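Notes follow once the structure below has been shown.
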Amino acid sequence: MVSEIAQTDNFNDKTNIKVVGVGGAGGNAVNRMIAEGLQSVEFIAINTDAKDLMRSDADVKISLNDATSRGLGAGADPEKGAKAAQDHQSDIEESLKGADMVFVTCGEGGGTGTGASPIVARAAHQQGALTIAVVTRPFSFEGPQRAASAALGIENLRKEVDALIVIPNDRLLELSDRTIGIVDAFKTADTALLAGVQGITDLISSNSYIHVDFNDVNAILRGAGTALFGIGSARGEDRATQAAEIAISSPLLEESIEGAHGALINIAGPSDLKLQEAAAATQLVGKAIHPEAQIIWGLSLDDAYGDEVRVTVIAAGFDANSKKAAQAEAQKQAEPAESTVPLSALSAAPRAAAVPQQPQPQLIQTPEAPKVQPLSTYIPSTPEPVVPSFDQTTEHEVVSSNDAGDLDIPDFLR
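Under UniProt numbering, residues 1 to 414 are what the sequence shown spells out, in order.
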């Protein structure tokens, strides 16, 4: 008997994906994605700068302006960007309706992107969408104030998304020719944002021999916190393992892939790709991450690749497990706190003094338990915040020790 879901003509497993570019850098990245032909997504541009918004090719454009702003930008002030987004909250929420997955992309350190992106992400997350942020950290030549603003903005955004991918622009500069112009340098940043989004959307939307669907991506990235992505390609002998090595050693990674508790791996190549090649590439990635990590892999076969094999790796779950464990433990300890006190009050007098003595010290000490404190050991002090209303927590940056000098960097990232 054929199941009802297989018989119906209305069956549709298409994932509703929306990409939101916030601010100038986010809008530029969206235009680049459209120009490169990124498929199966809806593009939204959100900006305070009216002229910049007019240049957008996005499907939906939201202007964060009022009568007093005269169509000008946020002036590199994240507080103004946040206030503008709050004033247009209903427009933002309306544009995100029906989304299964929302990408929020921006360049951190400015006014609109830094201030408005957490509000956009919160709106998407509250509607139940898997919310992923792909952002750039500013070039060092842009100055310490912009760097400090970016650091604060990244931590504010981290609280509102399921997964956060941070691309350091300085790494892009290291990969570029020393004679590269400023315009081309920023275009390289747009390309990196495109690669971060496309690396995930291609996993879902491409016609694959071994298909990775939205539930697979959701299982790895929902509530994952920090996420990393890498893309590698190679030809010739050992092409699959070489591509995997490039992907996990990508100079775009701000942290080491080691310790990831979840990974999405997509292997794409010609129809003559051998099972042993795919297995070797997957095993190489598996050895680089946590030994008990959940691995979901997909396989796309297309002779248009020629002799090339491309490996995309999305790694996550670096901080999610400890966070979930802490929340579960806190909930477990909170339950007896509600039941013990009233029960002891109803107990006989001789037991009244004895019953609370055991649990009460534990309940009093629980908030001071060391499971929360370690966070402060790697949180550096931050300068006076650009946005007074934002939480000032920042996490220590763990810079990958991977040396990209000898790696075969894919052409589309050069």
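Virtual Cβ for every residue (Gly too), placed ideally from N, Cα, C. All values derive from a computational prediction rather than experimental measurement.
Query, Result
"To which residues of the same chain is Q294 closer than 6 Å at the C-beta, ignoring the five residues directly before and after it?", "G262"
"Which residues in the same chain as K61 place their Cβ atom closer than 7 Å to its Cβ, once the five residues preceding and following it in sequence are excluded?", "A45, L53"
"Am I right that T226 and F103 are in contact with their C-beta atoms under 8 Å? What's the rounded C-beta distance?", "The pair is not a contact, with the Cβ atoms about 16 Å apart (cut-off 8 Å)."
"Which same chain residues, not among the five before or five after V311, have their C-beta less than 6 Å away from its C-beta?", "G232, A243, A244, A247, I267, A281"
"From L175, G26, G223, pick the residue whose C-alpha is nearest to that of A315; which is it?", "G223"
"Give a yes or no on whether the C-beta atoms belonging to A133 and I165 are separated by under 8 Å.", "yes"
"Name the two residues that bound the continuous beta strand (DSSP E) containing F135.", "Checking the displayed sequence, the identity of residue 135 turns out to be Val instead of Phe. Residues 130–137."
"Can you tell me where the beta strand (DSSP E) holding S63 begins and where it ends?", "60–63"
"V197 lies in the alpha helix (DSSP H); which residues open and close that run?", "182–205"
"Beta-carbon separation of G109 and A82 under 8 Å?", "no"
"Looking at the structure shown, is Q333 part of a helix, part of a strand, or coil, going by DSSP?", "Below a pLDDT of 50, predicted positions are generally treated as unreliable, and Q333, at 45, falls in that range; the measurement from the model is reported next regardless. In this structure, Q333 counts as helix in the three-state DSSP scheme."
"Pick helix, strand or coil for F214, following the three-state DSSP scheme.", "helix"
"Give the straight-line distance between the Cα atoms of I119 and C106, rounded to the nearest whole angstrom.", "13 Å"
"If you follow the beta strand (DSSP E) that K18 is part of, which residue opens it and which one closes it?", "17–22"
"Identify every run of the beta strand (DSSP E) within the region 143–173, keeping only runs that are complete inside it and at least 3 residues long; order them along the chain.", "163–168"
"Would you check if there are 3 or more beta carbon pairs closer than 8 Å linking the region 35–50 to the region 160–176?", "no"
"Please report how far the alpha carbon of I17 lies from the alpha carbon of I92, in whole angstroms.", "15 Å"
"Please state the DSSP three-state secondary structure of F318.", "coil"
"Under 8 Å, do A192 and T136 count as touching if we go by C-beta distance?", "yes"
"Does DSSP classify T112 as helix, strand or coil?", "helix"
"Compare the Cα-Cα distances from E255 to each of V30, E237, F229 and report the closest residue.", "F229"
"Does R310 come out as helix, strand or coil in the three-state DSSP assignment?", "strand"
"Opposite F103 in the DSSP bridges: which residues?", "V19, I132"
"Cutting at 7 Å between CB atoms, please list the residues of its own chain near D190, excluding the five before and the five after it.", "N28, A29, R32"
"Classify R178: buried if its beta carbon has 16 or more other beta carbons within 10 angstroms, exposed otherwise.", "exposed"
"With DSSP as the reference, please indicate the residues paired to N47 in a beta bridge.", "S63"
"Output the distance between the C-alpha atoms of K14 and E292, rounded to the nearest integer angstrom.", "31 Å"
"Considering only residues of the same chain and omitting the five flanking positions on each side of L299, which have a CB-CB separation below 7 Å?", "S208, Y209, I210, I267, A278"
"Thinking C-alpha only, which one of A85, P168, S271, E42 is nearest A304?", "S271"
"Looking only at its own chain, which residues have a Cβ that is under 8 Å from the Cβ of G115, when we skip the five neighbours before and after it?", "A74, D77, P78, E79, K80, G81, A82, K83, A84, A85, G153, V387"
"Decide if E338 is buried, meaning its Cβ has at least 16 other Cβ atoms within 10 Å, or exposed.", "A caution first: E338 carries a pLDDT of 42, below 50, which makes its placement in the model unreliable, though a value can still be read off. Exposed is the call here."
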